[in-house]
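In UniProt numbering, the protein residues as written are 1 to 265.
Written out below as structure tokens is the structure these notes cover.
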Amino acid sequence: MDILQLDELTDDMMNLRNDDFYNFLEVALNKDLCELFRVQGIRDMSSLSSITIDQITQVFTFNIMELNNLKKSLGFVSTDGNFHLRLGYRNLLERLILLVKSKKSSFVKNFELSNKHKENQINEKLLEMWKQTSSSSNKACIPILFPWINNIFQNLEKTKNRYRYDDHIQEFALLIFIFGGRNCYEFLRLNLPAALPHISNLELIIRSQELRMIEYLTSSITCIDYDVQSNSFIGFSPPLVNGIPESNFFRTENFNELKKCGLGS
């Protein structure tokens, strides 16, 4: 393999490291240059994109007896003590480094093009969604996804302490918190930046509105039972205290007392 005749490094070549990397250097360059890479501890191809020839040969500026033979093979030492790499070897190294940098640049360009393509796809989908939802006169029929994404983009343009959430997003967040629980909500909030309000804000909403669910307002509760051991009614949804349902809230033996809670019929 002649490195000077090589137009481009393959992806496999860019991933070479350790023994595979050194074997490639022996074939593409020569054994002495390969040994120089070993001495300098350069173990993989991709690292060459940030290395210069002077850095590779810098070790020869020091009087190291173990490297005298390698130094004589690769270059010359002038009377002022400076090391000069043979021109042919310099050309080989320059070509190798140029190929690595070119391949790295190609990786970055392809990555940017891929991201740009994904952004265009997202923009097209959002535009399509907007056309579908904007034609609806009933806001209740608009899926939560579109205003949610719109709210996220608005927040990302602000600092965290200035994030704002409209009423629909707050209601949606509250449902996630109630049905998923604190841990589930916090997991989603931390992994979806600017998407959901902080738990403390939800707790303020819960306390200010005294939210609770009643048996006859949801089909998820099929029956109400009385538990003798705990002396309480089971099946109702108790009020939340710091986001947690209060235990044994409906403890009574008297139906009239139960009616005072606004739950009797």
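We put the beta carbon where it would ideally sit given N, CA and C, even for glycine.
Can you list, in chain order, the residues of its chain with a C-beta nearer than 6 Å to that of residue i? Leave out the 5 residues immediately preceding and following it.
| i | result |
| --- | --- |
| Asp-155 | The amino acid at residue 155 is misidentified as Asp; the sequence shows Asn. Counting only Cβ-Cβ distances below 6 Å, and skipping sequence neighbours, we find Tyr-163 and Ala-194. |
| Arg-189 | Leu-196 |
| Leu-240 | Ile-206 |
Check this for me: beta carbons of residue i and residue j, under 8 Å apart or not?
| i | j | result |
| --- | --- | --- |
| Ile-144 | His-168 | yes |
| Ala-173 | Pro-147 | no |
| Leu-70 | Tyr-89 | no |
| Leu-113 | Leu-9 | no |
| Asn-231 | Arg-251 | yes |
| Glu-94 | Ile-56 | no |
| Lys-101 | Ser-49 | yes |
| residue 284 | Phe-60 | Summary: the structure shown does not reach residue 284, with the chain confined to residues 1 through 265, and so no result is reported for it. |
| Met-14 | Lys-103 | yes |
| Val-27 | Met-65 | no |
Per DSSP, what kind of secondary structure is residue i in: helix, strand or coil?
| i | result |
| --- | --- |
| Leu-217 | Since pLDDT at Leu-217 reaches only 48, below the 50 mark, its modelled position is unreliable, and no value is offered. |
| Gly-75 | strand |
| Asp-7 | coil |
| Ser-230 | coil |
| Thr-222 | Because the pLDDT at Thr-222 is just 48, under 50, the model does not fix this residue reliably, and the value given afterwards should be weighed accordingly. Reduced to three states, the DSSP call for Thr-222 is coil. |
| Arg-38 | helix |
| Leu-16 | coil |
| Asp-166 | coil |
| Ile-51 | coil |
| residue 267 | Absent from the model: residue 267. The displayed extent of the chain is 1 to 265, so no value can be given. |
| Ile-64 | coil |
| Val-2 | According to the sequence provided, residue 2 is Asp. The question's Val does not apply to it. Reduced to three states, the DSSP call for Asp-2 is coil. |
| Leu-204 | helix |
Which same chain residues, not among the five before or five after residue i, have their C-beta less than 7 Å away from its C-beta?
| i | result |
| --- | --- |
| Thr-218 | For Thr-218, the predicted model reports a pLDDT of 47, less than 50, meaning its position is unreliable; a value from the coordinates is still stated below. Excluding residues within five positions, none has a Cβ falling inside 7 Å. |
| Asp-32 | Leu-70, Ser-73 and Leu-74 |
| Asn-63 | none |
To the nearest angstrom, how far is it from the Cα of residue i to the Cα of residue j?
| i | j | result |
| --- | --- | --- |
| Arg-43 | Phe-21 | 7 Å |
| Ile-205 | Cys-184 | 19 Å |
| Leu-85 | Asn-30 | 14 Å |
| Gly-180 | Phe-249 | 21 Å |
| Asn-18 | Gln-40 | 13 Å |
| Ile-51 | Gln-58 | 12 Å |
| His-117 | Lys-125 | 12 Å |
| Val-228 | Asn-150 | 51 Å |
| Gln-209 | Thr-159 | 28 Å |
| Asn-256 | Glu-157 | 55 Å |
| Leu-202 | Phe-111 | 39 Å |
Grab me the residues of residue i's own chain with a C-beta within less than 8 Å of its C-beta, minus the 5 sequence neighbours each way, in chain order.
| i | result |
| --- | --- |
| Asn-120 | none |
| Leu-4 | Asn-91, Leu-92 and Arg-95 |
| Ile-176 | Cys-184, Tyr-185, Leu-188 and Leu-196 |
| Ser-247 | Pro-238 |
Is there a Cβ from chain C that is less than 8 Å from the Cβ of residue i?
| i | result |
| --- | --- |
| Leu-126 | Of the chains in the structure shown, none is chain C; there is only one protein chain. |
Those runs of the alpha helix (DSSP H) which lie wholly inside the stretch 77-104 and span at least 4 residues: Fully enclosed alpha helix (DSSP H) runs of 4 or longer: not present.
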